[in-house]
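Residue numbers (the numbering used here), protein chains in the order written: chain A, 801 to 1145; chain B, 801 to 1145. Glycine included, each C-beta is placed from N, C-alpha and C at the ideal position. On a predicted model such as this, the values are computed, not experimentally measured, just so you know. Here's the structure, in structure tokens; my notes come after.
Protein chains: 2
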Amino acid sequence: MPDFSIGVDLGGTNLRIAAVSGAGQLLEKVTLGSKGPSTRDAVIDQMCDAIQRLSGKYKESGKFLGAGIGVPGIIDLQAGMLRKSANLPGFEEYPVRAEIERRLRARVVLENDANLAALGEQWLGAARGVPNMAVVTLGTGIGGGIVLGGKIWHGMNGMAGEFGHVTLEPEGHPCGCGNRGCAEQYASASAIVRMAREAIASGEAPALARAASSGAEFGAQSIYNLAVQGDEHARRIFRSFGRYLGILLAGLINVLNLDMFVIGGGVSSAWDAYARNMFEELRERSLVYAATAPTHPLESDSLGKEEGAAAQTESRSQRKTIITPALLGSDAGLYGAARVTLSAG
Amino acid sequence: MPDFSIGVDLGGTNLRIAAVSGAGQLLEKVTLGSKGPSTRDAVIDQMCDAIQRLSGKYKESGKFLGAGIGVPGIIDLQAGMLRKSANLPGFEEYPVRAEIERRLRARVVLENDANLAALGEQWLGAARGVPNMAVVTLGTGIGGGIVLGGKIWHGMNGMAGEFGHVTLEPEGHPCGCGNRGCAEQYASASAIVRMAREAIASGEAPALARAASSGAEFGAQSIYNLAVQGDEHARRIFRSFGRYLGILLAGLINVLNLDMFVIGGGVSSAWDAYARNMFEELRERSLVYAATAPTHPLESDSLGKEEGAAAQTESRSQRKTIITPALLGSDAGLYGAARVTLSAG
Chain A
801 MPDFSIGVDL GGTNLRIAAV SGAGQLLEKV TLGSKGPSTR DAVIDQMCDA
851 IQRLSGKYKE SGKFLGAGIG VPGIIDLQAG MLRKSANLPG FEEYPVRAEI
901 ERRLRARVVL ENDANLAALG EQWLGAARGV PNMAVVTLGT GIGGGIVLGG
951 KIWHGMNGMA GEFGHVTLEP EGHPCGCGNR GCAEQYASAS AIVRMAREAI
1001 ASGEAPALAR AASSGAEFGA QSIYNLAVQG DEHARRIFRS FGRYLGILLA
1051 GLINVLNLDM FVIGGGVSSA WDAYARNMFE ELRERSLVYA ATAPTHPLES
1101 DSLGKEEGAA AQTESRSQRK TIITPALLGS DAGLYGAARV TLSAG
Chain B
801 MPDFSIGVDL GGTNLRIAAV SGAGQLLEKV TLGSKGPSTR DAVIDQMCDA
851 IQRLSGKYKE SGKFLGAGIG VPGIIDLQAG MLRKSANLPG FEEYPVRAEI
901 ERRLRARVVL ENDANLAALG EQWLGAARGV PNMAVVTLGT GIGGGIVLGG
951 KIWHGMNGMA GEFGHVTLEP EGHPCGCGNR GCAEQYASAS AIVRMAREAI
1001 ASGEAPALAR AASSGAEFGA QSIYNLAVQG DEHARRIFRS FGRYLGILLA
1051 GLINVLNLDM FVIGGGVSSA WDAYARNMFE ELRERSLVYA ATAPTHPLES
1101 DSLGKEEGAA AQTESRSQRK TIITPALLGS DAGLYGAARV TLSAG
């Protein structure tokens, strides 16, 4: 008879809803595609219908503890509203939490999706049992979430974890946020495509140029495919990506000295193309990383869950921050959304 | 009958010891100068004598709760030892906490001096009553300490808060830590002197050249004096200093979204020469800083304690991270050292 809660991932395209038990067991997952309704009220109708159906279905077997809703954008936690969101038209400044609570007659928590991905990986993924960790999500942009002592670190206004807008190059590329040289201009999927287009424009990257004009979608994945096939220009792009990701992580480790950083998002799976350069920068640029332990023999490869767990059992002062790929993929946020009402319940 | 504890600031030159009541009242402060003994055992003798004298003197009026000892360098909290310290010869890898506990028969806590400065400012200084804050200490290098929920944030190995070695310029000046472009190469007293020497070498900074060859000590203070007198080259140095301090703070705010950053250390008092540029970078480079509240009319001037306190009473989502000069000067660490045994007691 497990108590359960419902996690919602309200992205710009998909609406995903999952019932998860208190022990972390997935009971059921529903994905409502992008072809569904697009007005705010229709999305809320659809979400509440699905939550009610799932909560009704499983309430025989345990208590329904509430729903966590993950959304992209800047959230006012107290008010339960989105202050800013590029991908959810109509939701800004609308009392979405209050409206859903009214309909469901259940506890609802509204949270930033990157924060929930961190909580999900900490609960059931790569950082299971690691109290202090962060997720860096490498997608179109860079998202981030920090978990301290097993709880999301919100900071003063719920805006902590904006890793993507840390300045890495003071005179670097302009960013949509108004700054120059933000991390996401150097270590995101968009950055990879920009670097590829720059290489193509130089006239010296024929394989990239062919891929770009082939008619197939030209993105981080196709550039990664070229890198795997040995194309030097594509490989160079991922080396630069790894270098800047390493600079970002080195700074975060010097500041926070966390146990673990989990690298998620679509581009994270290109690990073998960027990890070596990332670790090189970490050793050079983080005295905290370098000081804490001798170089791990596996450090320039993927550290799987086993190595991570083993490292955790070493003595405290011997441990080095572990950098490891995410394990839950796009479900991390969904599990985190379910977790947030369990832990705060 | 106040309970009290004793704080010790064991720097490279001075040894300072203070008895402080649980309510934060200074009972007595002793400064033992640099002309004292210099071997490790002699320093420990002198320290223990002074602690015993003070604890004996005030034990009539309240309970002695223990001694906190602040030291520069990398500390193993569990072991109560210094792992690395440039300024305390003989102390590395020596069980200093155990030895002092043995002599005093009292609880002793060994802590990093920058962490204690943060705790001191949070307890009795500029961040009084602010739960989540950090201190950035601008001296020869840059120190840092983070307080979350009223407690020092140590991270995994007690090494959190190494703000001075966050990379600000990936291809910048080499740093003693092995990295390039560390914050302390751009926003410390040493950085100010280096920039001045570079300006002098260019042959275009006559006032700086005169000051450097005058026979008087040539340091951040004399360069600041020239800036105050209107020398354009000296002013430019502090503008650059403020710019890089702003870049560092913008990154920290994007990551941590703290309530307050307290700027301490010798150079912090040159506030009027660097604050404007620091705030310019903050607005441009931290979407978290920029998003949280409209521009504060006083933001480009010193925010005194009154404004800080007023800002704290605003609603949570309206508040902006406050950047303010430290209030306790070199006593911050001493108060923090006393606090650390009170709060952990």
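Outcome for Gln1146(A) when other beta-carbon atoms lying within 10 angstroms are tallied against a minimum of 16: Residue 1146(A) cannot be examined here, being either before or after the span of chain A that is shown, 801 to 1145.
Residues of the region 826 to 850 of chain B with Cβ closer than 8 Å to any Cβ of chain A, in chain order: Going along the region 826 to 850 of chain B in chain order, one finds no residue with a Cβ nearer than 8 Å to chain A.
Helix, strand or coil at Ala1016(A) according to DSSP, with G and I counted as helix: Here residue 1016(A) is taken as the residue at index 216 of the first sequence, counted from 1. It is coil, neither helix nor strand.
Three-state secondary structure (DSSP) of Leu1056(B): Working through the second sequence from its first residue, we reach residue 1056(B) at position 256. Three-state result, Leu1056(B): helix.
Chain-ordered neighbours of Thr1121(A) on chain C, where CB pairs are closer than 8 Å: Absent from the structure is chain C; the protein chains it does hold are A and B.
Between the CA atoms of Ala1091(B) and Ala1111(B) - distance to the nearest angstrom: For this step, residue 1111(B) is matched to residue 311 along the second sequence. For this step, residue 1091(B) is matched to residue 291 along the second sequence. For Ala1111(B), the predicted structure reports a pLDDT of 43, less than 50, and the residue's modelled location is therefore unreliable. A value from the coordinates is still provided. Each residue's alpha carbon lies about 15 Å from the other.
Supposed close pair Leu1087(B), Glu971(A) - CB separation, criterion 8 Å: Sequence index remark: in the second sequence, residue 1087(B) carries index 287 (1-based). Sequence index remark: in the first sequence, residue 971(A) carries index 171 (1-based). Rounded, the Cβ-Cβ distance is 19 Å, inconsistent with contact.
Contact between the region 1124 to 1132 of chain A and the region 919 to 927 of chain A (3+ Cβ pairs under 8 Å): Touching, yes, given that three or more Cβ pairs across the two stretches are closer than 8 Å.
8 Å Cβ cutoff, Gly856(B) in contact with chain A: In the second sequence, counting from the first residue as 1, residue 856(B) sits at position 56. No, no contact with chain A.
Simplified DSSP assignment, three categories, for Gly1136(A): The residue labelled residue 1136(A) in the question sits at position 336 within the first sequence. Reduced to three states, the DSSP call for Gly1136(A) is helix.
Complete runs of the beta strand (DSSP E) confined to the region 1027 to 1096 of chain A [at least 3 residues]: With a minimum length of 3 residues, the continuous beta strand (DSSP E) runs that stay inside the region 1027 to 1096 of chain A are 1060 to 1064.
Partners in chain A for Ile1047(B), counting only beta-carbon separations shorter than 7 Å: Here residue 1047(B) refers to the residue found at position 247 of the second sequence. The answer, in chain order, is Thr967 and Pro970.
Nonlocal neighbours in the same chain, by C-beta distance under 6 Å from Gly1065(A), ignoring five residues either side: Translated into the one-based positions of the first sequence, residue 1065(A) becomes position 265. Around Gly1065(A), the same chain offers Thr937, Leu938 and Gly939 as residues with beta carbons nearer than 6 Å, after the five sequence neighbours per side are excluded.
Every unbroken beta strand (DSSP E) within the region 864 to 938 of chain A, with a cutoff of 3 residues, ordered by chain: Listed in chain order, they are 864 to 871, 874 to 876, 881 to 884, 908 to 912 and 933 to 938.
Buried/exposed call for Ala1050(A), threshold 16 Cβ in 10 Å: As a first step, residue 1050(A) is located in the first sequence; it is residue number 250 there, counting from the start. So Ala1050(A) ends up on the buried side.
Exposed unless 16 or more other CB atoms sit within 10 angstroms - verdict on Glu860(B): One-based indexing of the second sequence puts residue 860(B) at position 60. Counting Cβ neighbours within 10 Å, Glu860(B) comes out exposed, since fewer than 16 surround it.
Cβ pair count under 8 Å reaching 3, the region 849 to 856 of chain A against the region 804 to 819 of chain A: The region 849 to 856 of chain A vs the region 804 to 819 of chain A: in contact.
Contacts around Lys829(A), its chain only, beta-carbon distance under 6 Å, and the 5 residues preceding and following it disregarded: Position 29 of the first sequence, counted from the start, is the residue given in the question as residue 829(A). Within the same chain, Lys829(A) has close Cβ partners Ala818.
Closest by C-alpha distance to Ile992(B), when choosing among Tyr1044(B), Lys951(B) and Pro889(B): Position 192 of the second sequence holds residue 992(B). Closest in alpha carbon position to Ile992(B), among Tyr1044(B), Lys951(B) and Pro889(B), is Tyr1044(B).
Cβ contact (3+ pairs, closer than 8 Å) linking the region 942 to 959 of chain A and the region 1071 to 1086 of chain A: Because the criterion of three Cβ pairs below 8 Å is not met, the region 942 to 959 of chain A and the region 1071 to 1086 of chain A do not touch.
With 16 other Cβ atoms within 10 Å as the buried cut-off, status of Ser1014(A): As a working note, residue 1014(A) is residue 214 in the first sequence. Per the 10 Å Cβ criterion, exposed.
Three-way DSSP call (helix, strand, coil) for Gly943(B) in this model: Your numbering for residue 943(B) matches position 143 in the second sequence. DSSP, read as helix, strand or coil, puts Gly943(B) in strand.
Per DSSP, the bridge partner or partners of Lys859(B): Looking up residue 859(B) in the second sequence gives position 59. Answer is none; Lys859(B) lacks a bridge partner.
Neighbourhood of Ser1022(A) by C-beta distance below 7 Å, restricted to the same chain and skipping five residues each side: Here the question's residue 1022(A) lines up with position 222 in the first sequence. So the list reads Ala1011 and Ala1016, once near-sequence residues are dropped.
Where Leu968(A) falls: helix, strand or coil (DSSP): Your numbering for residue 968(A) matches position 168 in the first sequence. Of the three classes helix, strand and coil, the one that applies to Leu968(A) here is coil, per DSSP.
Beta bridge counterpart(s) of Glu828(A) as assigned by DSSP: Along the first sequence, one-based indexing puts residue 828(A) at 28. Partner residues in the beta bridge of Glu828(A), as assigned by DSSP, are Ala819(A).
Within-8 Å CB hit, Asn1077(B) to chain A: Taking the first residue of the second sequence as position 1, residue 1077(B) is located at position 277. Taking a beta-carbon distance threshold of 8 Å, Asn1077(B) does not count as an interface residue toward chain A.
Limits of the unbroken alpha helix (DSSP H) element including Ser805(A): Numbered from 1 along the first sequence, position 5 holds the residue referred to as residue 805(A). Boundaries around Ser805(A) are those of the beta strand (DSSP E), Phe804 to Leu810, since no alpha helix (DSSP H) includes it.
Per-residue burial, Asn915(A) [other beta carbons within 10 Å of its own, 16 or more giving buried]: Start at 1 with the first residue of the first sequence, and residue 915(A) comes out as number 115. Buried is the call here.
Proximal residues, the region 1046 to 1074 of chain B versus chain A, C-beta separation under 7 Å: Cβ proximity to chain A below 7 Å picks out Ile1047, Ala1050, Gly1051, Leu1052, Asn1054, Val1055, Leu1056, Asn1057, Leu1058 and Asp1059 from the region 1046 to 1074 of chain B.
Chain A within 8 Å of Met995(B), Cβ atoms only: What you label residue 995(B) is simply residue 195 of the second sequence in a count that begins at 1. In terms of beta-carbon proximity, Met995(B) stays away from the interface with chain A, with every pair separated by 8 Å or more.
Below-8 Å beta-carbon distance, Glu911(A) vs any chain B residue: Counting from 1 along the first sequence, the entry for residue 911(A) is found at position 111. Not closer than 8 Å to any Cβ of chain B, the Cβ of Glu911(A) fails to qualify, so no.
CB contact check: Ile874(A) to chain B, cutoff 8 Å: On the first sequence, position 74 is the one that residue 874(A) refers to. Proximity of Ile874(A) to chain B, defined by a Cβ-Cβ separation below 8 Å, is satisfied.
Supposed close pair Gly768(A), Asn1077(A) - CB separation, criterion 8 Å: There is no way to answer for residue 768(A), as the model of chain A reaches only from 801 to 1145.
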